[in-house]
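Comments concern the structure below.
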Amino acid sequence: MPSVREDLLRPSLSPAATVIGAPFSNQAAVVTAFIGGPLAAAAMFAINAWRIGRLARDAVWIVLAVAAYLAWFAYVAPPGAAMAFKALVVPWLGDAANRILVRLGAMLICLGGMICHRREQRSVDLFGAKRPNGWIIGAALIVAGLAANALLASWFA
Amino acid sequence: LDDPHPDSSDRLLQIGELLDRQRTTLARTLLKEALQADPENVDLLYEAARADSLDDDNAGARRTIEHIISIEPTHLAARWMLVNLLVDDDDLVEAERVALELLREYPRSADLYATYARVMLRALKLQKARDLCGEALRLSPDNESALRMMALCNLIERPNDPQNPSLRKLLAQRPDDQHTLALVVTALAHAGQTREALRGAKELLRLQPNSKHLVDNVRELTYGNHWSMVPLRPLQRYGWGASIGIWIGGILVVQMLGRSKPELANALSWFIFGYAVYSWVWPPVLRRLLLRD
Chain G
1 MPSVREDLLR
11 PSLSPAATVI
21 GAPFSNQAAV
31 VTAFIGGPLA
41 AAAMFAINAW
51 RIGRLARDAV
61 WIVLAVAAYL
71 AWFAYVAPPG
81 AAMAFKALVV
91 PWLGDAANRI
101 LVRLGAMLIC
111 LGGMICHRRE
121 QRSVDLFGAK
131 RPNGWIIGAA
141 LIVAGLAANA
151 LLASWFA
Chain P
1001 LDDPHPDSSD
1011 RLLQIGELLD
1021 RQRTTLARTL
1031 LKEALQADPE
1041 NVDLLYEAAR
1051 ADSLDDDNAG
1061 ARRTIEHIIS
1071 IEPTHLAARW
1081 MLVNLLVDDD
1091 DLVEAERVAL
1101 ELLREYPRSA
1111 DLYATYARVM
1121 LRALKLQKAR
1131 DLCGEALRLS
1141 PDNESALRMM
1151 ALCNLIERPN
1161 DPQNPSLRKL
1171 LAQRPDDQHT
1181 LALVVTALAH
1191 AGQTREALRG
1201 AKELLRLQPN
1211 SKHLVDNVRE
1221 LTYGNHWSMV
1231 PLRPLQRYGW
1241 GASIGIWIGG
1251 ILVVQMLGRS
1261 KPELANALSW
1271 FIFGYAVYSW
1281 VWPPVLRRLL
1291 LRD
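Here the protein sequences come in this chain order: G and P. With the first letter of the first sequence counted as 1, position 146 gets the number 146 in the working numbering; the numbers rise by one all the way through. Quick note: to get the working numbering, add 1000 to the position in the second sequence (first position is 1).
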């Protein structure tokens, strides 16, 4: 007679712990990242990770993404800085190179979040679980992301 | 000649068979008569809860189940159904509590492990769900509920993998089973084989013509298979990941072409813009046109 695995009979959900909920939709995450920039994208990534109970596992990626963005900002934002880099990218991407690269970074962070949470997103879709409204939090993150960018720009100016 | 007064166990059997065939209206008529004669009969009450659940009246089913448990706290089938009803109501903490209580009483029930796996899948605890399915299949390698849950785990982790061993085993064991067919339809739809998924969904609807869920499923797949949606296949298949890819690729190519071939870059940027507008505007319009009936 096979023995029973006792570890499987330990509860995994506790009323005192953070209630696990469905993540915000990928659509809300993409729109937030596109308009709000990398910081808004990273915040949406973190909120979704917290909602599905894997913030500790994803924290390293979120911190790396924010650190990389801040480092890049510090490198290119001060007037007269990174002239060699600008001379390299402007001929390829035009005068809007800076804005394009910021948006590109935001979309890459968003894509990273989508890849990390793909199983959970698929599970929610398969079971038809109700998702929270992503537009209110998305709008708040867009405003916060744009404000943080403006603050950073004035700081480095 | 038919016995005009079948005893309660015959009546119960008859109601159970009617519910197995989803004939809830007739089953309810018989249940009403039987419950008038014996209102506290837990087996009849359990069938009444099943009828409510089949008719998507979860609140009614839960009230009846809780009544059964107040009469007979150890009623296995009622507590089992309570787990599923709690999952449907998103009360996952309570669902886990009842499932674990049942598993401690029946630690070798593969079906109970599969039910607990369903709770864990809904709670997005995918690894634990997989471990529970593994345990259920270790206890009973051909258990259908466990194979179904394991097939769902595989589908969540590798939606494009045609080699879903649990689903293949289910198909070999019960090729005509409606639950198996529903899983196959879901697997095909997630793998992007929407035409084949639509064929399966239509077959399921033929077997259960009164199911609103299946009607909606066929409508959704019909909408996804419309000829005007063909250009949007990459977006349907890869979702927002494809949108991001198109945006990144498009912007980089347009900007790079801008200096050397501005006309081509201009045409390409208009094409991408048109495609984006089409992907945003047309699907909801088509959905409204096709799904309004």
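C-beta: ideal position from N, C-alpha, C; glycine also. Note that the structure is a prediction, hence the values are computed from the model and not measured.
- The beta carbon of residue 1075(P) sits closer than 8 angstroms to those of 1042, 1046, 1068 and 1069, all from its chain and outside the five residues before and after it, given in chain order.
- Around residue 1254(P), the same chain offers 1265, 1268 and 1269 as residues with beta carbons nearer than 6 angstroms, after the five sequence neighbours per side are excluded.
- Taking CB atoms only, residue 1236(P) has no neighbour in chain G less than 8 angstroms away.
- Here DSSP, grouped into helix, strand and coil, assigns residue 85(G) to helix.
- Counting only Cβ-Cβ distances below 7 angstroms, residue 1270(P) has no contacts in chain G at all, with the closest Cβ about 17 angstroms away.
- For the C-beta of residue 1258(P), the chain G residues within less than 8 angstroms are, from N- to C-terminus, 94.
- In the three-state reduction of the DSSP assignment, residue 26(G) falls in the helix class, which pools H, G and I.
- Around residue 1190(P), the same chain offers 1155 and 1159 as residues with beta carbons nearer than 7 angstroms, after the five sequence neighbours per side are excluded.
- CA-CA distance, residue 1215(P) to residue 24(G), rounds to 27 angstroms.
- Residue range 1110-1122 is occupied by the alpha helix (DSSP H) that includes residue 1112(P).
- Interface annotation for the region 1122-1144 of chain P against chain G: 1122, 1123, 1124, 1125, 1126, 1128, 1131, 1132, 1135, 1138 and 1139, criterion Cβ-Cβ distance under 7 angstroms.
- Using a 10 angstroms sphere on the CB of residue 1010(P), the tally of other CB atoms stays under 16, which defines it as exposed.
- Three or more Cβ pairs closer than 8 angstroms define a contact, and the region 103-111 of chain G meets that threshold against the region 26-45 of chain G.
- Taking 4 residues as the shortest admissible run, the region 1016-1078 of chain P contains the following complete alpha helix (DSSP H) segments, listed from N- to C-terminal end: 1024-1037, 1042-1054 and 1058-1071.
- Only residues of its own chain outside the window of five on either side were considered, and among them 152 have a CB closer than 6 angstroms to the CB of residue 73(G), listed in chain order.
- For residue 1097(P), the enclosing alpha helix (DSSP H) covers residues 1092-1105.
- For residue 43(G), the secondary structure class from DSSP, reduced to helix, strand or coil, is helix.
- With contacts defined as CB atoms closer than 8 angstroms, residue 49(G) and residue 58(G) qualify as a contacting pair.
- Contacts with chain P at 8 angstroms (Cβ-Cβ) do not include residue 102(G).
- Along the length of the region 77-156 of chain G, whole alpha helix (DSSP H) runs at least 4 residues long occupy 83-93, 97-116, 118-127 and 134-156, reported in chain order.
- Residue 1286(P) sits away from residue 1238(P), with the two beta carbons spaced by 8 angstroms or more.
- Nearest Cα to residue 1017(P) within the set 1033(P), 1038(P) and 1050(P): 1050(P).
- Taking a C-beta distance under 8 angstroms as the contact criterion, residue 1146(P) and residue 1133(P) qualify as a contact pair.
- Between the beta-carbon of residue 40(G) and that of residue 32(G) there is about 5 angstroms, and that keeps the pair under the 8 angstroms contact cut.
- When 8 angstroms is used as the limit between beta carbons, residue 107(G) is near these residues of chain P: 1244, 1247 and 1248, in chain order.
- Within 7 angstroms of the CB of residue 62(G), no CB atom of chain P is found; the nearest one sits about 18 angstroms away.
- In this structure, residue 1079(P) keeps its C-beta atom at 8 angstroms or more from the C-beta atom of residue 1093(P).
- Within chain P, no C-beta atom comes nearer than 8 angstroms to that of residue 98(G); the closest sits roughly 12 angstroms away.
- Per DSSP, reduced to three states, the secondary structure at residue 1129(P) is helical.
- Our two residues, residue 1149(P) and residue 1219(P), have alpha carbons roughly 26 angstroms apart in a direct line.
- Here the alpha carbon of residue 1203(P) sits roughly 56 angstroms from the alpha carbon of residue 1259(P).
- Per the coordinates, the alpha-carbon of residue 1083(P) lies some 22 angstroms from the alpha-carbon of residue 1182(P).
- In the structure shown, residue 1181(P) falls within a helical segment according to DSSP collapsed to helix, strand and coil.
- In this structure residue 1052(P) is buried. Its beta-carbon is surrounded by 16 or more other beta-carbon atoms within 10 angstroms.
- The beta-carbon of residue 1165(P) is placed no less than 8 angstroms from the nearest beta-carbon of chain G.
- Per DSSP, reduced to three states, the secondary structure at residue 1213(P) is helical.
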